[in-house]
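Below you'll find the structure, written out as structure tokens, and then a few comments.
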Amino acid sequence: MKNNLTLQTIHVIIFFLSLGMTSVAQQTFTDITKSSGIDHEYQVYEGTFGGGVTVFDVNNDGFEDLYITGGIKSDRLYLNNGNGTFKDIFEGSGLELTNEYVTQGVVSADVNKDGFRDLFITTITTTDGKNIIPRAKNLLFLNLGNSTFKDVTDAYGLEDLNSFSTGPSFGDFNADGYPDLFVGNYFQEFTGKLGIIKDATIVSANQTAKSYLLQNNHGEKFENIYEDYSLGHKGFGFGGVFTDFDNDQDQDLLVNQDFGYKAVPNFLYRNEYPNEHFEDVSKETGMDLKINAMGAAVGDYNNDGWMDYYITNIKFNMLMENQGKGLPFIDKAKELGTYNLAISWGANFADFDHDEDLDLFVSNGDLNPNCTPMGNFYFENNKNTFTEKGRELAINDYGIGRGSVIFDMDNDGDMDLLVVNQKPILNYPIPSTTKLFRNDIAKGNWLKVALKGIDAEANGIGSRVSIIANGKKIIREIDGGGSSHLSQNSVIAHFGLGVNKVVDSVIVDWTGGKQQILTQVDANQLIDIVEMNTPAKDQSYFWYFLSTILMLIIAFILYRKRMLAKK
Amino acid sequence: MIISKINIINRLPLFLLLIFSIACSTTEQAKMDDKDVALEWANMTLYITRYTPSNSPTFASRAFGYIGLTMYESIVPGFIEYNSMNGQLNGLELLPKIDPTKEYNWALSLNAGQSEILKKIYVQTSGENIQKIDSLEQLVFNQVQHDIDNETVLRSVSYGKSVAHAIFEWSKTDGGHRGYLHNFDKTMVHPDRPGSWKPPLFAQSFSHHPLHPHWGENRTFAAMNETISDPQIIPYDTTPGSPYYQQFENVYLKDLELTQLEKEAAIWWGDDPDVSFTPPGHSYYFATLALEGHDSTLIECAQVYAQVGMAVADAFINCWKWKYQFFTERPNTFIPKYIDEEWESFWPDPPFPSFPSGHAIQAATAATVLEHNFGKKFTFTDRAHEGRERDELKETDFVIRSFDSFWEAAQETADSRFYGGIHTKLDNEVGLEKGIEIAKNINALEWKKTNEK
């Protein structure tokens, strides 16, 4: 087994770093953190936990902005200036309230459908040091449209949910167009105020937790319906991701659990929409992984039309390949070459090099305070086998990585990467700060698709975009967050097209069942697809047809009756 | 003198008694004899140990020490041939005295004392568990108080409680009081050198800090147990073939050829504090098995619980002292680095350094105490984890175990850590060896007036 050694000595790291700087023979990723003005390191509370980022266009100017959590330090709201630089507009944004909390993860969606994306930020405790048991409410901020935000946590019914929360994700499991939330909780949650804290309360605090399934009621309120939807498990949760694993056009839920071999394993819940129920299919699908699951990347890496999942872990990650309807997933990590020793957190599938298949980035970092440097991985997909090229492509940063996201920072059509790094608690041989990597390796053509939902979720969260180019079908899901680790990728679907200059068709399957098709789309552009008010697919046509006939019959009968009455 | 008017009807398990007493509270109740009272309190102690969150082998061992001692001290004045531990243990000097002119019922005193000390030591347990303790106390009280004059009843209960109170006050100064609030010292900086302990990656606990780093500084029960000489470690050496390397290579090779029987031993003795009564609980349970298998009197029962409890407590203090003094790595750190990158132990790592094995030291201590009381030969069946669900991940069942001597069980306890891949043979050998020494210091206390040991 040719595994990359991750436990490197300082000398080896310096050697690798210098190699990364000098090897200019090939196009690589370029670390533009400094020139971009991004200056961030996530500071942990006690250890291990945290650091996420969401990609969202805060002011709808067409350049995607960033919100990065800071832990016990301030979060950042980075406005993309559109010229390769970012400006921190956190102060004065109305988000300063987050300074009072140890923030963890962040996701964004248009909660109230007013055209601007709002922020949901998970927390584990307050920063004032007054909590004997680390717990706090999570925070919801509405985007007021002028790059400022308003705290609506209490107004949306989230005040009493005291939790040690990790990964949040938006999805629309009931397909009503309003983004709902799944929030991973790690230690036992409490409702309401804690009151007098006895020893018994303290010792029970480190028990496993129920997570939250928060239904968005018409953009006005969130309601925890975890148990109503049959999500009964308690575990050390790292959050989940809404994804359609069985191609039935509703959002299922993949849940990541730490200590799966001891507490409860990972879960895969099948959405029984339109029934209000999630069915636990973890066992039969082989997704009940008993590992330290930290995060997941979602993508159909073998282009067979079924979503696959790369689950990050301590030591070795799992590449869970979807075998299609009714068949259990199979771990292909070893066989396909994504089996390298590390402690992994974030992971992102993207076609970084525009050759029509999904490559894979993995963000690695020690548990902190354990502080052994380990480089990030870049697995290049080549005919469905993977080759690790992190060092070669200068993206094997040795910071203490956590959440990572893909987005097109400079609107040049390829996917750039941002990786949140933690400040080391102990001595560390190199700086460990958040990194922005510009993609300079993409060569082929591309297409980007942004969705504008009307009945569906405003940015198409929960919808699926497929393209067919030169006979090849490629699918993408719109990320509502929770893929990667505590983070959310761009909601703009990105496709590498290789030599294809035209896409034969772009198909959008909106949540709720409507389908929309565009044909003959030119490559190398961003297209906006606005949801058309067309009836949902074939089945609906049938009902329209049937009801029309019925009405005609009724009309005919009524007419005959009247005629008879006249006689 | 035992005032006991209770006939032995049978030895119904406690839950039957409880159901019985609730269902037929006005009719005649099933009755326990004095020995049953002692055994039921030991069972309750194990239950509370198991179902109190954030428990640890260290804190549990200490609790068994004080609870066992309280059982003994709450009745010892009634048994003329036995000595109190007052003045014999590290700083225990102010135990209350009885009024020798008055009568006492020792089962009532024991009952009151056990309830009191359990609730004081395990003050962090749930309200539901407190109720369970209270119901057992009430149940025993209702049965025993019949035909005893009210003043004797009150006097006996009061004495038991006062002993519990005095022992609890003494316990506060040993360094482990409310130790569950300080399981992990997050500010402590530990040595970082070749061969030093590293937080586990395949872990039993979410903590990356080692458990109870100051536990070795705690006061031992027997003063002699503060004077045990330090064991020897093997010098760090990564050269294949070196004694150090071989220790880990043996763990690695064993793991490659683990038999199903060895896997069963590995999971049986896991005794993870999150889901079981902990390793010292396993020893306290063996005391019950031994007493059940012998015709023991109330004072003999109490003496065995006191000895086993204090012995395992002293074993953990010494063990933890050495764990942090030597701060050695686990096989899960050495083997992936120098032998096989993909290797992972069969059983997950506990969150503390390796040398010596806590399982081995406490098992040897308990076995030595039990041998001292009952002789070397004793055939028994260990049902500690009977009925637990199969471990699907490890494809191994919890299979009950039979032994012909206490030492056989101790040896398997130690071996099981080697099978589990979390201890070297040296960790176990040293644990067993030092465990015997610690137990001898407990046995050597003046338990009986004749100085018969």
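Going down the list, the sequences are from chains A and B. Remember, this note's numbering sits 1 above the position in the first sequence when you count from 1. Remember, this note's numbering sits 50 above the position in the second sequence when you count from 1. Here a beta-carbon is modelled for each residue, glycine too, at the ideal position from N, C-alpha and C.
When secondary structure is reduced to three states using DSSP, Gly-236(A) falls in the strand class. Looking at the DSSP output, Lys-453(A) bridges to Val-531(A). Taking C-beta separations shorter than 7 Å and ignoring five residues to either side along the sequence, the partners of Thr-99(A) in its chain run Asp-76, Ile-122 and Leu-140, following chain order. In the same chain as Ile-148(B), and ignoring 5 residues on each side of it, the C-beta atoms closer than 7 Å to its own belong to Pro-127, Tyr-154 and Tyr-209, in chain order. Between Phe-256(B) and chain A, the shortest Cβ-Cβ separation is below 8 Å.
Residue environment analysis places Arg-440(B) among the exposed positions, since fewer than 16 neighbouring C-beta atoms fall within 10 angstroms of its C-beta. Non-local C-beta neighbours of Phe-234(B) in its own chain, meaning closer than 6 Å and more than five positions away in sequence, comprise Ser-257 and His-259, ordered along the chain. For Pro-323(B), no chain A residue has a C-beta closer than 7 Å to its own C-beta; the minimum C-beta separation is roughly 11 Å.
Between the C-alpha atoms of Thr-202(A) and Arg-438(B) there is a straight-line separation of about 28 Å. For Tyr-230(B), the C-beta contacts it makes with chain A under 9 Å involve Asp-200, Ile-203 and Val-204, in order along the chain. Contact between Lys-390(A) and Asp-32(A) does not hold, since the beta-carbon distance rounds to 16 Å and is not under 8 Å.
Between the stretch 423 to 440 of chain A and the stretch 33 to 52 of chain A, the count of C-beta pairs closer than 8 Å reaches three or more; the two stretches touch. Runs of the alpha helix (DSSP H) spanning 4 or more residues and lying entirely within the stretch 387 to 437 of chain B occur at 408 to 424, in chain order. Of all residues in the stretch 245 to 278 of chain A, only Asp-259, Phe-260, Tyr-262 and Lys-263 come within less than 8 Å of chain B when Cβ atoms are compared, listed by chain position.
Counting along the chain, the unbroken beta strand (DSSP E) around Asn-186(A) starts and ends at 181 to 192. Taking all protein chains shown into account, Ala-298(A) has 16 or more neighbouring C-beta atoms within 10 Å of its C-beta and is therefore buried.
Rounded to the nearest angstrom, the gap between the Cα atoms of Val-509(A) and Asn-300(B) is 59 Å. Taking a 10 Å sphere around the C-beta of Pro-275(A), we find fewer than 16 other C-beta atoms and assign the residue as exposed.
When the alpha-carbon of Thr-512(A) is set against those of Ile-455(A), Ser-488(A), Thr-520(A) and Ile-197(A), the nearest one is in Ile-455(A). The count of Cβ pairs closer than 8 Å, one atom from the stretch 444 to 464 of chain A and one from the stretch 131 to 147 of chain A, stays below three, leaving the stretches out of contact. In chain B, no part has a C-beta under 8 Å from the C-beta of Leu-320(A); the shortest such distance is about 16 Å. For His-219(A), the number of other beta carbons within 10 angstroms of its own is below 16, and it is reported as exposed. DSSP, reduced to helix, strand and coil, places Ile-278(B) outside both helices and strands of the structure shown, so it counts as coil. DSSP places Lys-88(A) in the strand class (E or B) of the three-state scheme. For Glu-47(A), the closest Cβ of chain B is nearer than 8 Å.
Straight through space, the alpha carbons of Val-256(A) and Gly-241(A) are spaced by roughly 4 Å.
Beta-bridge annotation (DSSP): Pro-169(A) is paired with Val-184(A).
Within the same chain, Gly-261, Tyr-262 and Pro-266 come within 7 Å of Lys-291(A) by CB-CB distance, once the 5 residues on both sides are set aside.
The beta carbon of Phe-366(B) is closer than 8 Å to those of Pro-107, Thr-108, Ser-111, Arg-112, Trp-265, Pro-330, Gly-408, Ile-411 and Gln-412 in its chain, skipping five residues each way along the sequence. Between Val-480(B) and the set His-227(B), Cys-369(B) and Glu-458(B), the nearest pair of CA atoms involves Cys-369(B). Here DSSP, grouped into helix, strand and coil, assigns Trp-370(B) to helix. Against Thr-446(B), chain A offers no close residue; the least beta-carbon distance is about 13 Å (beta-carbon pairs closer than 9 Å). Pairing Gly-287(A) with Leu-328(A), the inter-Cα distance amounts to about 9 Å.
Just so you know, the alpha carbons of Val-522(A) and Tyr-46(A) end up roughly 49 Å apart.
Residues of chain B whose Cβ lies closer than 7 Å to the Cβ of Phe-237(A) are, in chain order, Phe-256. Between the C-alpha atoms of Ala-348(A) and Gly-106(A) there is a straight-line separation of about 15 Å.
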